[in-house]
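K.L.:
So the protein sequences, as listed, match chains E, G, F and V.
Letter by letter, the first sequence follows residues 1 to 196 of full-length UniProt numbering.
Letter by letter, the second sequence follows residues 1 to 196 of full-length UniProt numbering.
Letter by letter, the third sequence follows residues 1 to 196 of full-length UniProt numbering.
Letter by letter, the fourth sequence follows residues 1 to 196 of full-length UniProt numbering.
Using N, Cα and C, we set each Cβ at its ideal position, and we do this for glycine too.
Please read all numbers here as calculations on a predicted model, not as lab measurements.
My questions all concern the structure below.
Protein chains: 4
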Amino acid sequence: MPSESRTFIEEARRAQIIDCAIDALATLGYQQASMTKIAKLAKISPGVISYHFGGKDELIKAVVTHVVELAVGLMVPRIMAQTTAAAALTAYIESNLEFMRLHRNPLIALVEVILHDRDGPYSGQQETALTDLEKVLDWGQQTGEFRDFDQRSMAIAIRGAIDAVPTYLISNPDYDLGALTTELTTIFSLATRRPA
Amino acid sequence: MPSESRTFIEEARRAQIIDCAIDALATLGYQQASMTKIAKLAKISPGVISYHFGGKDELIKAVVTHVVELAVGLMVPRIMAQTTAAAALTAYIESNLEFMRLHRNPLIALVEVILHDRDGPYSGQQETALTDLEKVLDWGQQTGEFRDFDQRSMAIAIRGAIDAVPTYLISNPDYDLGALTTELTTIFSLATRRPA
Amino acid sequence: MPSESRTFIEEARRAQIIDCAIDALATLGYQQASMTKIAKLAKISPGVISYHFGGKDELIKAVVTHVVELAVGLMVPRIMAQTTAAAALTAYIESNLEFMRLHRNPLIALVEVILHDRDGPYSGQQETALTDLEKVLDWGQQTGEFRDFDQRSMAIAIRGAIDAVPTYLISNPDYDLGALTTELTTIFSLATRRPA
Amino acid sequence: MPSESRTFIEEARRAQIIDCAIDALATLGYQQASMTKIAKLAKISPGVISYHFGGKDELIKAVVTHVVELAVGLMVPRIMAQTTAAAALTAYIESNLEFMRLHRNPLIALVEVILHDRDGPYSGQQETALTDLEKVLDWGQQTGEFRDFDQRSMAIAIRGAIDAVPTYLISNPDYDLGALTTELTTIFSLATRRPA
DNA sequence: GATGAATGAGAATTCATTCAT
DNA sequence: CATGAATGAATTCTCATTCAT
Numbered sequence: 001m002p003s004e005s006r007t008f009i010e011e012a013r014r015a016q017i018i019d020c021a022i023d024a025l026a027t028l029g030y031q032q033a034s035m036t037k038i039a040k041l042a043k044i045s046p047g048v049i050s051y052h053f054g055g056k057d058e059l060i061k062a063v064v065t066h067v068v069e070l071a072v073g074l075m076v077p078r079i080m081a082q083t084t085a086a087a088a089l090t091a092y093i094e095s096n097l098e099f100m101r102l103h104r105n106p107l108i109a110l111v112e113v114i115l116h117d118r119d120g121p122y123s124g125q126q127e128t129a130l131t132d133l134e135k136v137l138d139w140g141q142q143t144g145e146f147r148d149f150d151q152r153s154m155a156i157a158i159r160g161a162i163d164a165v166p167t168y169l170i171s172n173p174d175y176d177l178g179a180l181t182t183e184l185t186t187i188f189s190l191a192t193r194r195p196a
Numbered sequence: 001m002p003s004e005s006r007t008f009i010e011e012a013r014r015a016q017i018i019d020c021a022i023d024a025l026a027t028l029g030y031q032q033a034s035m036t037k038i039a040k041l042a043k044i045s046p047g048v049i050s051y052h053f054g055g056k057d058e059l060i061k062a063v064v065t066h067v068v069e070l071a072v073g074l075m076v077p078r079i080m081a082q083t084t085a086a087a088a089l090t091a092y093i094e095s096n097l098e099f100m101r102l103h104r105n106p107l108i109a110l111v112e113v114i115l116h117d118r119d120g121p122y123s124g125q126q127e128t129a130l131t132d133l134e135k136v137l138d139w140g141q142q143t144g145e146f147r148d149f150d151q152r153s154m155a156i157a158i159r160g161a162i163d164a165v166p167t168y169l170i171s172n173p174d175y176d177l178g179a180l181t182t183e184l185t186t187i188f189s190l191a192t193r194r195p196a
Numbered sequence: 001m002p003s004e005s006r007t008f009i010e011e012a013r014r015a016q017i018i019d020c021a022i023d024a025l026a027t028l029g030y031q032q033a034s035m036t037k038i039a040k041l042a043k044i045s046p047g048v049i050s051y052h053f054g055g056k057d058e059l060i061k062a063v064v065t066h067v068v069e070l071a072v073g074l075m076v077p078r079i080m081a082q083t084t085a086a087a088a089l090t091a092y093i094e095s096n097l098e099f100m101r102l103h104r105n106p107l108i109a110l111v112e113v114i115l116h117d118r119d120g121p122y123s124g125q126q127e128t129a130l131t132d133l134e135k136v137l138d139w140g141q142q143t144g145e146f147r148d149f150d151q152r153s154m155a156i157a158i159r160g161a162i163d164a165v166p167t168y169l170i171s172n173p174d175y176d177l178g179a180l181t182t183e184l185t186t187i188f189s190l191a192t193r194r195p196a
Numbered sequence: 001m002p003s004e005s006r007t008f009i010e011e012a013r014r015a016q017i018i019d020c021a022i023d024a025l026a027t028l029g030y031q032q033a034s035m036t037k038i039a040k041l042a043k044i045s046p047g048v049i050s051y052h053f054g055g056k057d058e059l060i061k062a063v064v065t066h067v068v069e070l071a072v073g074l075m076v077p078r079i080m081a082q083t084t085a086a087a088a089l090t091a092y093i094e095s096n097l098e099f100m101r102l103h104r105n106p107l108i109a110l111v112e113v114i115l116h117d118r119d120g121p122y123s124g125q126q127e128t129a130l131t132d133l134e135k136v137l138d139w140g141q142q143t144g145e146f147r148d149f150d151q152r153s154m155a156i157a158i159r160g161a162i163d164a165v166p167t168y169l170i171s172n173p174d175y176d177l178g179a180l181t182t183e184l185t186t187i188f189s190l191a192t193r194r195p196a
């Protein structure tokens, strides 16, 4: 097992394996993405993965961490840059879909993992996502931009709508993400704003 | 393999196995719901399932068909009873969540199957669901009740919001479905209606 | 997995597998006695063992239980039939070696398991053996037949001498067990008896 | 592979690795003492061991040789210093147990190796031990100090009693070795001496 | 019709060993 | 000399499916 401070070559291998794992997850789905198949994709021996990650759980965790970092890096700055809650919510939705456009395979891999590890450590991931979103919603209710909805229900609806997209894209890879983005932002703008 | 016209006993056996498969799927999750475990739950031999259904795929298909029939039987009459598209959409959402309340295990089983059989025959199921929903949306746009949104995008958002609920309920079984129902109907009422 | 009340055929298979496991353990040693090799010896598929025993641990446990039952069945009556502690101790040693003569492979298998499962559940087996032997020693000290030795130390010595025999027999299969038996009984008779 | 005449550094490395292998064997047991783990204990690369010893077998052999040398160095002088066979036998037993007290880990490592390498080259080790012990026994029979027992049987009993101790100590590390030593010497003094 | 024992492929993981750096 | 990443075979175990009874 590698020591805690990883060498350069070690990191390169890890990155390569993570990439192949993402491809395998996105292409084959969680079930079929076995260690052996990931290794075959990476053109390495199956033992190498265990050597670098200690086991499948660690590999999956590394994949999740990697993709979440990617996503946070893309989305958080865009959301933080907004000056109103309404704009932040729009940026939230837009940056989510933008992430899908730029990093489709990593996102699909992430969704595969989260959906399949039912009692695993990634149900917490979903709770975190909802809590983060609720902060934006709370902001808008504090400022009076948003109407007086139930935050948790609204968060479930927004995230549900967003999370439906990757699954939809698996079956319909050529669907126009731009139209979808416009419509989703409109929907939740109408649904959250304080009526005149 | 049994002939197409099944005897009464044959049907009873199939129904019993389907019920046990639903329980196994909902309780154990897709991954753990092996033929052996389903058979043990049903207190029958694992061979019987293969005998009656030909294989696991057929069993899963039978489960899906059964649950969809249950859902359609509950939801369609309620939706058809409405006289406006807006009321129909509300009834659509309400009856979906009502189905969750009344048949939680069958619904969870259905969700498990759809989520896990990625390239299986159930992506079609999702397409059907979207198409059906679009009929309601089209109705509302024809009558002028609804604004001029993209139907497919709106359908994805509505179904995504609804489909997020069972997954959420797995982690939070005691969440108040009533409040959620009220909020979801409000959200999509606001999101679809023609602005004054 | 088989139900608790086993069928006749089930029991026969278990017995066959246990026998083959004993042969594999005695012939190949603990390390080399893998499930695959045991299965090959029994001319069955490796999955069958897991099917009947649930796993390697259960198989080993079944082997131990089987051999211990064999041994107890042979030895306990002989020991219980004695009227003095000295005679009981002699019967204890004799019946132990007699068991080796009659059931060499089962005994070697048992020794292999006990020696290799260092922190496993069979160190308790050793403690049990010592405690049982101490009962005989205590009896002799109570009646005054035996001198005032430390029971635990004496038990370790007696069991150590007995347990050395199977290991010795592996390397020297043709050694005269009769002479050994006579000598061991003499040794511990002299070592335990109250001096005149 | 290094040439036969080893450099000083080479020897130091070997000694360090042997020590770590002993610790690994005693702490983890034979099964768990893999090359990788031994290397980790020694804070070196696993390849180094193969480099210095050629393979695991050679490493194990080096461990055995080292411990046997340690043991012989401690025990032989004490035994040789005695003027009667009875005293030599007592010294034999005492120095064996003294070795356990002073070098518990090396001894446990040795026992682990001997027990697990069944058909390996260490059954010869046991034969050597028995032959050496028989020299003492023969001495006593020649001088008439000892009664007319079968030497091989007596040797098996004595060594068996001694060899049982390390195994016992693994489970009961705090057992009083002093009492045990006293009792073992008494037992075999009584068992060997010529009756009055 | 029903049984349940058997199959054999595939899963994750560990291991001693090798070799380019 | 030393490294440590890579190998590939071996391990235990699970699974959907089959078939003699």
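Nearest to leucine 169(V) by alpha carbon, out of Trp139(F), Asp148(F), Ser123(F) and Ile162(F)?
P.N.:
Ser123(F)
K.L.:
What does DSSP give as the partner residue(s) for arginine 193(V) in the beta ladder?
P.N.:
Phe146(V)
K.L.:
Contact criterion: CB-CB distance below 7 Å. Does tyrosine 168(F) meet it with respect to chain V?
P.N.:
yes
K.L.:
If we cut at 7 Å on Cβ distances, does glycine 160(E) have a partner in chain G?
P.N.:
yes
K.L.:
For phenylalanine 149(G), go through chain E and note every residue whose CB falls closer than 9 Å to its CB, in chain order.
P.N.:
For the C-beta of phenylalanine 149(G), the chain E residues within less than 9 Å are, from N- to C-terminus, Glu183, Thr186 and Ile187.
K.L.:
Would you call the stretch 109 to 119 of chain G and the stretch 145 to 156 of chain G touching, i.e. three or more CB-CB distances under 8 Å?
P.N.:
The count of Cβ pairs closer than 8 Å, one atom from the stretch 109 to 119 of chain G and one from the stretch 145 to 156 of chain G, stays below three, leaving the stretches out of contact.
K.L.:
Count the C-beta pairs between the stretch 81 to 91 of chain V and the stretch 124 to 143 of chain V that are closer than 8 Å, then say yes if the count reaches three, no if not.
P.N.:
yes
K.L.:
Check proline 2(E) in the structure and name its three-state DSSP category.
P.N.:
Caution applies to proline 2(E), whose pLDDT of 41 falls short of 50 and renders its modelled position unreliable; the value that the coordinates give is listed next. Coil, per DSSP.
K.L.:
How would you list, in chain order, the residues of chain E whose beta-carbon sits under 8 Å from the beta-carbon of methionine 154(G)?
P.N.:
Glu183 and Ile187
K.L.:
Can you tell me the Cα-Cα spacing of leucine 28(G) and glutamate 98(G), whole angstroms?
P.N.:
23 Å
K.L.:
Does the contact criterion of 3 or more C-beta pairs under 8 Å hold for the stretch 64 to 81 of chain G versus the stretch 63 to 83 of chain E?
P.N.:
Touching, no, given that fewer than three Cβ pairs across the two stretches are closer than 8 Å.
K.L.:
Just tell me which of Glu10(F), Ile9(F) and Ala21(F) has its CA closest to the CA of asparagine 105(F).
P.N.:
Ala21(F)
K.L.:
Measuring only the C-alpha atoms, how far is phenylalanine 53(V) from glutamate 112(F)?
P.N.:
28 Å
K.L.:
On the criterion of 16 or more Cβ atoms from any shown chain inside 10 Å, does leucine 102(E) qualify as buried, or is it exposed?
P.N.:
By the Cβ-count criterion, leucine 102(E) is exposed, with fewer than 16 other Cβ atoms from all chains shown falling within 10 Å of its own Cβ.
K.L.:
Can you pull the chain E neighbours of leucine 115(G), defined as C-beta to C-beta under 7 Å?
P.N.:
The answer, in chain order, is Leu115.
K.L.:
For glutamine 32(E) and aspartate 23(E), what's the separation of their Cα atoms in angstroms?
P.N.:
Each residue's Cα considered, the two are about 12 Å apart.
K.L.:
Within 10 angstroms of its Cβ, does arginine 13(V) collect 16 or more other Cβ (buried), or is it exposed?
P.N.:
buried
K.L.:
List the residues of chain F that valine 165(V) touches, going by C-beta distances under 8 Å, in chain order.
P.N.:
Ile156 and Gly160
K.L.:
Are alanine 42(F) and isoleucine 9(F) closer than 7 Å when you measure CB to CB?
P.N.:
Judged by beta-carbon spacing, isoleucine 9(F) lies beyond the 7 Å limit of alanine 42(F), meaning their Cβ atoms are not closer than that value.
K.L.:
From the DSSP output, in three-state form, read off tyrosine 168(G) for me.
P.N.:
helix
K.L.:
I'd like to know if glycine 178(V) contacts chain F, where contact means its C-beta is closer than 7 Å to some C-beta of that chain.
P.N.:
No - not a single Cβ of chain F is within 7 Å of the one on glycine 178(V).
K.L.:
From what residue to what residue does the alpha helix (DSSP H) around aspartate 19(G) run?
P.N.:
Its alpha helix (DSSP H) spans residues 8 to 28.
K.L.:
Just the Cα atoms here: how many angstroms apart are aspartate 174(E) and leucine 180(E)?
P.N.:
12 Å
K.L.:
So valine 63(F) and alanine 109(F) are in contact, right, with Cβ under 8 Å, and what is the actual spacing, rounded?
P.N.:
With a Cβ gap of about 6 Å, valine 63(F) and alanine 109(F) count as contacting.
K.L.:
Report buried or exposed for tyrosine 51(G), applying the criterion of at least 16 other Cβ atoms within 10 angstroms of its Cβ.
P.N.:
exposed
K.L.:
Does any CB atom of chain E fall closer than 7 Å to the CB of leucine 190(G)?
P.N.:
yes
K.L.:
Applying a beta-carbon distance threshold of less than 8 Å, which residues of chain V neighbour residue 258(F)?
P.N.:
Outside the shown range of chain F, which is 1 to 196, sits residue 258(F), and nothing can be said about it.
K.L.:
Apart from the five residues just before and just after alanine 88(V), which ones in its own chain have a Cβ nearer than 6 Å to its Cβ?
P.N.:
Ile79, Gln82 and Val136
K.L.:
If you measure beta-carbon to beta-carbon, which residues of the UniProt domain "HTH tetR-type" (11 to 71) of chain F are closer than 7 Å to chain V?
P.N.:
Per Cβ criterion, the list reads Gly29 and Gln31.
K.L.:
So, with DSSP's three-state summary, where would you put lysine 135(E)?
P.N.:
helix
K.L.:
For chain V, find out if any of its Cβ atoms is closer than 7 Å to the Cβ of serine 123(F); answer yes or no.
P.N.:
yes
K.L.:
To the nearest angstrom, report how far apart glutamate 4(E) and proline 46(V) are at their CA atoms.
P.N.:
Because the pLDDT of glutamate 4(E) is 49, which lies under 50, any placement of that residue in the model is unreliable, and the question is left without a value.
K.L.:
Assuming the contact rule is C-beta atoms closer than 8 Å, threonine 185(E) and threonine 90(E) should be a hit. Round their C-beta distance to whole Å, please.
P.N.:
5 Å
K.L.:
I'd like the list of long-range same chain contacts for glutamate 183(F), defined as Cβ closer than 7 Å, with 5 residues on each side in sequence excluded.
P.N.:
none
K.L.:
Check serine 123(V) in the structure and name its three-state DSSP category.
P.N.:
Under the three-state reduction of DSSP output, serine 123(V) falls in the helix class.
K.L.:
CA-CA distance, methionine 1(F) and serine 95(G)?
P.N.:
Bear in mind that a pLDDT of 39 at methionine 1(F), under 50, signals an unreliable position, so the model cannot answer this.
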